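Here the protein sequences come in this chain order: F and Z.
Oh and the first sequence: position 20 is 40 in the numbering used here, straight run, nothing missing.
Oh and the second sequence: position 15 is 19 in the numbering used here, straight run, nothing missing.
For glycine and all other residues, C-beta sits at the position ideal for the given N, C-alpha and C.
All values reported here derive from a predicted model rather than from experimental measurement.
Here's the structure, in structure tokens; my notes come after.
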Amino acid sequence: MKRFIAVLSAGLLATGVVLATSASAQAAACGSGNFCAWTDANYQGQKIEWTGDDGWWEGNIADQDSSWANHGISGPGIKDYVKVYASAHQSGPMTICLAPGQEAGYNGVANDRGDSHIWATGC
Amino acid sequence: MRARTATALAVLTLLTGSACTAGATHPAPPADDVIKAATRALTDDCLTRRGLTPHSGRQRVSDALFGTGRAELSLRLPTGYVVRTHTDGCLAAAQRRLYGDQDRWFRTSVVVNNLRPEAESAGRPLSEVRAAHRAEIAEWRRLRARALTTATALLEGGGTTHPKGNQ
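Shown next, in the form of structure tokens:
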């Protein structure tokens, strides 16, 4: 049982990025333990999938983010919330804070602004 | 006592132990950690009842944990973002158990979690935005208190199995 928890938690402790193309029409296809951002609305287009923090998003997603999903795993002391910032290195305005299990599909006003994100124990 | 609940309790014991001083009585662990430990215990039991193992694949675990299809709950923030969540996953079931009302917790916590983005977006002081949302903040505290009570009882009693259904 502990092994199960350890495996689920491992994603939050490691740092990594996965690039993929989303084919989902509705659900946000984002692995457990990860934060995902897509270049198009409603979890479409190119997907960037992070297991850790990223202080400077790559050019293929920076200021091109249109939908987001936090699939972090909760646990005591675990950073499972995601804060997205409009500037690199978690500076500038915070555009959104997502709790585990929360997604944001698209909005014309709130679009193409993200440059960095950080995992936190709360918002 | 179920193994996962025991694990959650062990984590809480460690947290409590690290926070106490020599010779003093053990302080209560942070409320946030108690609720998160209970959430973990509930969701892990739910995943096991759905037949998932560490080898099931991250997307299968993600679908079971966070839900599938179109997200049922939705809230538009003053910043323009529309935040959504599902009601069919193990996490949703855990939130219903702990907070009593997943919909209300979702709507309240999304607003409270995004007070700073709202203030920065509108160019207003955070204190002013907090004052404007004092009803939501009060509700957030009430729901958190309920969750803490439920989580504490659940972890102390070791009963994470939902009395109805398999969520």
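{"query": "For F/A108, the nearest candidate out of F/K99, F/I81, F/A89 (CA to CA)", "result": "F/I81"}
{"query": "Below-8 Å beta-carbon distance, F/G134 vs any chain Z residue", "result": "no"}
{"query": "Chain Z within 8 Å of F/T141, Cβ atoms only", "result": "yes"}
{"query": "Per DSSP, the bridge partner or partners of F/C56", "result": "F/E69, F/A89"}
{"query": "Distance, F/G121 Cα to Z/A68 Cα", "result": "11 Å"}
{"query": "Close beta carbons around Z/H90, own chain, < 8 Å, minus the five adjacent residues each side", "result": "F70, G71, T72, G73, A75, E76, L77, A96"}
{"query": "Contact residues within the region 100-129 of chain F, judged by C-beta distance below 8 Å to chain Z", "result": "D100, Y101, P113, M114, T115, I116, C117, L118, A119, P120, G121, Q122, E123, A124, G125, Y126, N127, G128, V129"}
{"query": "Inter-stretch contact at 8 Å, needing at least 3 Cβ pairs: the region 125-141 of chain F / the region 80-94 of chain F", "result": "yes"}
{"query": "Contact under 8 Å by Cβ, Z/R120 with Z/T154", "result": "no"}
{"query": "Straight-line gap, F/T41 to Z/D105 (C-alpha atoms, nearest Å)", "result": "Any reading at F/T41 must be qualified, since the residue scores a pLDDT of 44, below 50, and its modelled position is unreliable; no value is offered."}
{"query": "Residue-chain proximity (Z/V87, chain F), Cβ-Cβ < 8 Å", "result": "yes"}
{"query": "Cutoff 6 Å; reference Z/N170; Cβ partners in own chain excluding five residues on either side", "result": "Confidence at Z/N170 is low in this model, with a pLDDT of 37, below 50, so its placement is unreliable and the value that follows should be read with caution. Closer than 6 Å at Cβ, skipping near neighbours: R53."}
{"query": "Residue from Z/I39, Z/R128, Z/L130, Z/P58 whose Cα sits closest to the Cα of F/G95", "result": "Z/I39"}
{"query": "Under 8 Å between C-beta atoms of F/H137 and F/D74", "result": "yes"}
{"query": "F/N54 vs F/W70 beta-carbon contact at 8 Å", "result": "yes"}
{"query": "Straight-line Cα distance separating F/Y105 from Z/H59", "result": "34 Å"}
{"query": "Cutoff 6 Å; reference Z/L56; Cβ partners in own chain excluding five residues on either side", "result": "V65, A68"}
{"query": "Continuous alpha helix (DSSP H) stretch holding Z/Q106: start and end", "result": "106-117"}
{"query": "Cβ of F/S86 within 8 Å of any chain Z Cβ", "result": "no"}
{"query": "Exposure label - Z/R128; buried when at least 16 CB within 10 Å", "result": "exposed"}
{"query": "Chain-ordered residues of the region 46-74 of chain F with a beta carbon less than 9 Å from chain Z", "result": "Q46, A47, A48, A49, C50, G51, S52, G53, N54"}
{"query": "Neighbour list for Z/E124 in chain F, Cβ cutoff strictly below 7 Å", "result": "P113, M114"}
{"query": "Min CB distance F/H91 to chain Z below 8 Å", "result": "yes"}
{"query": "Inter-residue CB distance, F/C143 and Z/N117 (contact presumed, cutoff 8 Å)", "result": "4 Å"}
{"query": "Nearest neighbour of F/S52, chosen from Z/G93, Z/A41, Z/D36, Z/L147 [CA to CA]", "result": "Z/G93"}
{"query": "Check: F/N131 C-beta below 7 Å from any heavy atom of the ligand SAH", "result": "The model on display carries no ligand, and the ligand SAH is accordingly not part of it."}
{"query": "Where Z/H2 falls: helix, strand or coil (DSSP)", "result": "Residue 2 of chain Z lies beyond the residue range present for chain Z, which begins at 5 and ends at 171; the question has no answer from this structure."}
{"query": "Residue-level contact to chain F via CB, Z/Q106, 8 Å cutoff", "result": "no"}
{"query": "Selection from F/A140, F/A48, F/C56 that minimises the alpha carbon distance to F/K99", "result": "F/A140"}
{"query": "Interface partners of Z/T43 on chain F, CB under 7 Å", "result": "S94"}
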